[in-house]
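**Student:** Sharing a structure, written as structure tokens. Questions coming.
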Amino acid sequence: MVAHLTQSLGWTWGTLIVALLGAAAVWTVVWAFRAVRREPDRRPGTALLFGAPLVVTTVALGAWFTLDEWDWLLEDGSVESGAAVAPEVEAGDGTERFRVVDGSTVTYSVEERLGGSRSTAVGVTDSVAGEIALDRATPSASTLGTIVVNVERFSSDSTLRDRRIRHDFLQSTEFPFATFEPTAVKGLPDEPIGSEPVEVEIAGDLTVKETTAPATFAGRVELDGDELRAEVSTTVLMSTYDVGPISISGFVSTADEVGLTFALIARPTDAPGLAPTDELADHPPDDLA
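Just so we're aligned, residue 2 is where the sequence shown starts under this note's numbering, counting upward by one.
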């Protein structure tokens, strides 16, 4: 209903109406006090009775026309989705299935302006899943499967920021999972990976909400026994995925560019302690708000 009303009147008209009512209320109150000073026994009661409803009306209409700016405060705001679960990757001859495990994270970082100050807002989620078909003898023949990230679980140093992002920008209660589907991996050698990290570049399709766009991550990969570690990063535009840039009443705003970092740890799927894939889907959400 609010959206329909604002579309019909437009935000400019809504603001003008509220401003006019506010000016009328202020004028009435001022006139009332002047009347009290001039003639204490005449009209002040009537003036105040007229002014008070105008003040209340102004506040109510102001709240009505800006409802989309603060209605998220009235909602529960807690995380509703379960853990991220990625599809299994097909392991061919000579390859071994590795799965992303606990300790893996996905981090966003974006320049934030609050009033006249600037800072970097950072959010982290540890709900990330994926599989790799690793060819130890010929790493370049390995296959990286789809990476699934629960973006509803992004947590920063501000609970209010997290709730606002979930409600209005990522809309992650409705779209809790983002995916990265690799299409090409450059840099993996044709011989076994030694103790030194290997520089890689991973191109693919990043899907956030209902938008899919190409993205390329760059970073390092290393293999230490049965533990595969990777840290890769990229920069994307929030406007590409219709999640920003954020601007709230001209007081809080962000840049359009946001940095994304995947810090992944993977171990063989038959490693002790790893739950079967079908059990991961029943993992309950953390108690986040």
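Cβ atoms here follow ideal geometry from the backbone N, Cα and C, with glycine treated the same way.
Buried or exposed for residue 272, please, with buried defined as at least 16 other CB atoms from any protein chain shown within 10 angstroms of its CB.
**Tutor:** So residue 272 ends up on the exposed side.
**Student:** Since residue 105 and residue 127 are thought to touch, with beta carbons under 8 Å apart, how far apart are those beta carbons, to the nearest angstrom?
**Tutor:** Yes, they are in contact, since the Cβ atoms of residue 105 and residue 127 sit about 7 Å apart, within 8 Å.
**Student:** Three Cβ pairs or more, each shorter than 8 Å: is that satisfied between the segment 224-232 and the segment 258-269?
**Tutor:** Yes, the segment 224-232 touches the segment 258-269.
**Student:** Would you kindly work out how many angstroms separate the C-alpha atoms of residue 130 and residue 82, rounded to a whole number?
**Tutor:** Their backbone Cα atoms lie some 14 Å apart in a straight line.
**Student:** Identify whether residue 140 lies in helix, strand or coil by the three-state DSSP scheme.
**Tutor:** Three-state result, residue 140: helix.
**Student:** Span of the alpha helix (DSSP H) holding residue 161?
**Tutor:** Its alpha helix (DSSP H) spans residues 160-165.
**Student:** Can you name the start and end residues of the beta strand (DSSP E) that residue 92 belongs to?
**Tutor:** Counting along the chain, residue 92 falls outside any beta strand (DSSP E), and DSSP gives it neither H nor E.
**Student:** Would residue 80 and residue 164 be called neighbours here (beta carbons separated by less than 8 Å)?
**Tutor:** Not a contact, by the Cβ cut-off of 8 Å.
**Student:** Thinking C-alpha only, which one of 113, 195, 184 is nearest residue 341?
**Tutor:** Here the chain comprises residues numbered 2 to 290, so residue 341 is not present and cannot be evaluated.
**Student:** Roughly how many angstroms separate the alpha carbons of residue 270 and residue 249, rounded to a whole number?
**Tutor:** Approximately 45 Å, taken between the alpha carbons.
**Student:** If you draw a straight line from the alpha carbon of residue 181 to that of residue 147, how long is it in whole angstroms?
**Tutor:** Approximately 6 Å, taken between the alpha carbons.
**Student:** Can you look up residue 110 in the DSSP assignment and give me helix, strand or coil?
**Tutor:** Of the three classes helix, strand and coil, the one that applies to residue 110 here is strand, per DSSP.
**Student:** Please state if the CB of residue 235 and the CB of residue 258 are separated by a distance shorter than 8 Å.
**Tutor:** Not closer than 8 Å, so no.
**Student:** Kindly indicate which three-state DSSP category residue 31 falls into: helix, strand or coil?
**Tutor:** Helix at residue 31.
**Student:** Out of 156, 176, 88, point me to the one whose CA is closest to residue 133's CA.
**Tutor:** The residue with the shortest Cα to Cα distance from residue 133 is 88.
**Student:** Output the distance between the C-alpha atoms of residue 99 and residue 84, rounded to the nearest integer angstrom.
**Tutor:** About 18 Å.
**Student:** Nearest to residue 188 by alpha carbon, out of 194, 178, 199?
**Tutor:** Nearest option by C-alpha distance: 199.
**Student:** To the nearest angstrom, how far is it from the Cα of residue 151 to the Cα of residue 243?
**Tutor:** When rounded, the distance between both Cα atoms is 17 Å.
**Student:** Does the Cβ-Cβ distance between residue 124 and residue 108 come in under 8 Å?
**Tutor:** Closer than 8 Å, so yes.
**Student:** Evaluate residue 173 with the Cβ neighbour count: other Cβ atoms within 10 Å of its Cβ, from every protein chain shown; 16 or more gives buried, anything less gives exposed.
**Tutor:** Buried: at least 16 other Cβ atoms inside 10 Å.
**Student:** Which residue marks the beginning of the beta strand (DSSP E) containing residue 178, and which one marks its end?
**Tutor:** Run containing residue 178: 178-187, per the beta strand (DSSP E) assignment.
**Student:** When DSSP labels each residue in this structure, what does residue 244 get in the three-state scheme?
**Tutor:** Note: residue 244 maps to coil in three-state DSSP.
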